[in-house]
Amino acid sequence: MEIVYVYTKKRSEFGRQCNFSDRPAELHVDILPDHSLAANFTVRDPCNVTMQCAEEMSEHEVNTVRFESESRGINHVEGGWPKDLNPEDMEATIRYRKKVEKDEHYQNTILQIAGLMEHCSKQNNATDIYQDFFDYEDEEEAEESEEEPSAKTINVFRDPNEVKRTATSLSWHPDGNHKLAVAYSSLEFQKAPNDMSFDSYIWDIENHNKPEMTLKPVCPLVCLEYNPKDSHILVGGSYNGQIAYWDTRKGSQPVEMSTIEHSHRDPVYKVIWLQSKTGMDIFSASTDGQVLWWDIRKMSEPTERLVLDPSKKGNLDNALGAISLEFETTMPTKFMVGTEQGPVVSCNRKAKTPAEKIVCTYSGHHGPIYSLQRNPFFPKNFLTVADWTARIWSEDIKESSIMWTKYHTAHLLDGCWSPVRPAVFFTVKIDGTLDVWDILFKQNDPTLSLKVCDEALYSVRVQDNGRFLGCGSQLGTTTLLEISSGLWRLQKNEKALVSEMFERETKREKILEARHREMRLKERSRSEQSREDEAKEAYGEESTEELVARAEKDFFDMLKAEMEKERNEEKERDKEKGVCEEKDFQEEYETNGVASFTRREISL
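If you read the sequence shown in our numbering, its first letter stands for residue 57, the second for the next number, and so on.
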C-alpha cells in the first residue's frame, strides 16, 4: 500500500520529557514457590531446550549492479535501469522488469549471487547439522506419497434474503484474501419479483452466519471488483447499465454513480481496474456493444468509448454484445472482449482511429463467451469458456484454438486459470459440477470433477495463493472449497513443460492452417482449370490466333445478320406503305368516278 497521508504531532504536545538515569537494582516483589501447585503439572524429563548464543539475523538478498555517482545524482553504467526510464512510470517499469527477468544473463547472475549469499550465510551463522535440506527419496516413492486430487468444502455463504438471487460475480480481497465480495442479481429478463432485494455482500470467509458488510446499489449488481491498489474501494456494474463504486470506510451507500444517459443500455457484465498512476481508472463491457472507460473520481461521463462493430464503421446497431473482458497489466495497450455472438475481439486502446482499435477476431465458439482470461505465466495464450467447451488459444493463430476440451453434455458458464500453476484451470457447469483441469496430467478428461450443488454454478474465482476457490450458484449459494496440495503447488519443471506444450500445439496449428490454405488454393485452381477444360471441349483445341480469327468472324457475321435484318424490315415497311396508298386510290375512284392517273402511276 502507498502512504497517502502522514500524521504529524508537535513536540510540545507529547507532555513532560522523560529523563532516565542509572541506579542500582531494587527488589519490589519476591514470589516464593508453592509446592502444592506441583500436582497440576507434569514433569518433563529429559527437557530439551535449544539455545543460540549468536544474535538473531534476518536474511536479505540484494541484486547489486555497478553505478557511478556524481554530484547531480547516480548515472547508469552497467545493468540497472536505463537513463531514459522514468521510475515513476509504473507501466514502463513493469514492462522493463519483465524484459530483464527473461534475460538469460540476468538469470545466471542471480544464480551466482544466490550461491555466494548461501556460502556467506553458512560462514557467518551457525548451521543446524541435523536439519534435512534435501529429500533423498526416490521419485517413485515421492509419486506414491503424493496426495490424490481432491477438494473439500470449507464454508458455505447463502443469500440471506427470502427471494434467492444468482451469485453472478465473486471478487477476493486483495490484501490477505480473508474477505470475499459477492454480487447478487437475477439474470432472467423481466422475471425478477417485485420484493427482490438489490443488496450485495462482503463476507468474512471464517464467518458464514452474517455478511461483514452490505452494499446497497440502486439496481442489482451483475459484477463486482476490488481495487487491487486500495482494498477499501470496490466498483460494480448494475443490471440497468450504470457503474457505481463504494468506499467501505464511508458506509454501504455508493460514493458515486454514472449518469443514466451516459451509461450502458444493457446490463454491465464485466468491469476491470486498469493499471494507472492514480489507480482510479476502470473500463466496462456490456451487451449493448460498447466498451467504456471511466475515472471513478468523475463519473458524469466516460473518458473514452469503443463500439464493437466488426465492420469498423462505429455503427451501434451492428455491434457485437460484450459479455466478458480481459486486460493484462504487462500489456497496457491491449485488451480482449468476449462477445455473446461467439467471436473474441482483440483490441488496441492506443490506436489513432476507432477502426484501428479493433485489431482482429478469434472465432471458434457457438455461443456467448462467458469467461476470457490470459494465462498468468504465458500471456500470449488465453482461455475461453463458452457453449459446451473450454478452449486455449494463441495470439498467433486466429482461425482455430490450439487446445480444447471435449464437448460436455452440460453448458459451461464460467472458468479461470490457477494463479500459481500454469497448467491448471477451473470450469463450472450448469449441472452444478466443478471441473479441475491439469493439462500436464491429461487433456481429454478433467483431473478432478466435483458435484458442488444441485443447481447451476454461474461463477468461480480462485484465491491468489491458488489454494481456495469460491463457486457461486443460481440460488445465491457461494461455496468455499480447498483443493489438494497437488493442484496448487508448482510442480517440477512445470513452466518449461507448459511452455513447450503451448509452442508445440501452436506450431501444429500453424502447419494445419498452412495446409488448409494450400488445399483451398489447389481447389480454386482446380475449379478454374475445370472451367477452362470445359471451354476447350466446347470449342476444340485451338491456338490463340485461331481463337482471335474465329471471334472476329463471329463478330462480323453477327453485324452482317443485323444489317440484313434491318434491310428486310425496311422493305416490309415500304411494301405496307404501297398497299395503303392503293387502297386510298380505289376508294376515291369509287366515290368520284374520277382518278388521277398520275397518282395511280406513282402508287404503282
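Note that CB positions come from ideal geometry on N, CA and C, so glycine has one too.
Three-way DSSP call (helix, strand, coil) for residue i in this model
i, result
"Ile169", "helix"
"Lys235", "strand"
"Ser457", "coil"
"Arg477", "coil"
"Asn75", "coil"
"Asp487", "coil"
"Thr386", "coil"
"Ser68", "helix"
"Asp145", "coil"
"Tyr418", "strand"
"Asp351", "strand"
"Arg501", "For clarity, residue 501 is Asp in the given sequence; the question names Arg instead. Note: Asp501 maps to coil in three-state DSSP."
"Thr315", "coil"
"Glu268", "coil"
"Thr533", "coil"
"Met392", "strand"
"Phe254", "coil"
"Tyr301", "strand"
"Tyr152", "helix"
"Phe482", "strand"
"Glu538", "strand"
"Arg576", "helix"
"Trp106", "A small fix is needed here, since residue 106 is Thr in this sequence, not Trp. Residue state, collapsed to three classes: coil."
Close-in-space but distant-in-sequence residues of the same chain around residue i (CB under 6 angstroms, 5 per side omitted)
i, result
"Phe76", "none"
"Ser201", "With a pLDDT of 41 at Ser201, under the threshold of 50, the modelled position of that residue is not reliable, and no figure is offered here."
"Phe383", "Ile328 and Phe391"
"Ser253", "Asn217"
"Glu360", "Trp349"
"Lys220", "Leu531 and Gly532"
"Ser206", "Ser540"
"Ser319", "Gly297 and Gln298"
"Lys368", "Ala411 and Ile414"
"Ser242", "Arg221 and Ala248"
"Gly528", "Ala223, Leu226, Tyr514, Ser515 and Thr534"
"Pro230", "Tyr282, Pro284 and Ser287"
Contact belief for residue i with residue j at Cβ below 8 angstroms, rounded distance in angstroms
i, j, result
"Ile299", "Val274", "The Cβ separation is near 12 angstroms, so there is no contact."
"Thr417", "Val401", "5 angstroms"
"Gly420", "Ser456", "6 angstroms"
"Thr689", "Gln530", "Since the first residue shown for the chain is 57 and the last is 660, residue 689 is missing from the structure and cannot be characterised."
"Glu561", "Ile458", "4 angstroms"
"Val278", "Ser225", "7 angstroms"
"His288", "Val212", "About 27 angstroms separates the two Cβ atoms, so there is no contact after all."
"Tyr463", "Ala442", "Between Ala442 and Tyr463 the Cβ distance is about 12 angstroms, and since that is not below 8 angstroms, they are no contact."
"Glu565", "Ile453", "5 angstroms"
Nearest candidate by alpha-carbon position, reference residue i, set the options
i, options, result
"Phe433", "Asp251, Phe481 and Ile425", "Phe481"
"Ala239", "Asn265, Gly232 and Gly293", "Gly293"
"Ile352", "Val393, Ser332 and Thr343", "Ser332"
"Ser474", "Ile458, Asp491, Asn104 and Pro410", "Asp491"
"Leu468", "Lys454, Thr440 and Arg606", "Thr440"
"Leu330", "Thr385, Met614 and Thr304", "Thr385"
"Arg430", "His422, Trp449 and Gly522", "Trp449"
"Lys413", "Asp365, Val99, Trp228 and His320", "Asp365"
"Trp444", "Phe438, Phe70, Asp373 and Gly471", "Gly471"
"Trp493", "Thr465, Asp510, Thr461 and Asp303", "Thr461"
"Thr304", "Gly232, Thr334, Pro205 and Tyr282", "Tyr282"
"Val554", "Lys498, Glu626 and Asp452", "Lys498"
"Lys436", "Glu451, Gly423, Leu428 and Arg447", "Glu451"
"Pro424", "Arg405, Arg447 and Gly394", "Gly394"
Spatial neighbours of residue i in its chain, beta-carbon cut-off 7 angstroms, leaving aside the 5 residues before and after
i, result
"Gln309", "Lys272"
"Lys548", "none"
"Pro8", "Only positions 57 to 660 of the chain appear in the structure, and residue 8 is not among them; the question remains open."
"Ile316", "Gln298"
CB contact check: residue i to chain C, cutoff 8 angstroms
i, result
"Ile458", "Protein chains in the displayed structure number just one, and chain C is not present."
Those residues which DSSP pairs with residue i across a bridge
i, result
"Leu496", "Answer is none; Leu496 lacks a bridge partner."
"Arg430", "Phe438"
"Gln346", "Val363"
"Cys279", "Gly293"
"Ser450", "Asn437"
"Ser340", "Val327 and Leu348"
"Thr445", "Ala442"
Any non-hydrogen atom of the ligand FAD within 7 angstroms of residue i CB
i, result
"His464", "What this structure holds is no ligand at all, so the ligand FAD is not there to describe."
Sequence-distant residues of the same chain with beta carbon closer than 8 angstroms to residue i, five excluded per side
i, result
"Gly370", "Val363, Pro410 and Ala411"
"Asp322", "Gly297, Ser342, Thr343, Asp344 and Gly377"
"His234", "Asp260, Ile261 and Glu262"
"Lys631", "none"
"Ile210", "Ile261, Phe524, Leu536, Leu537 and Glu538"
"Glu550", "Arg477, Pro478, Ala479 and Leu496"
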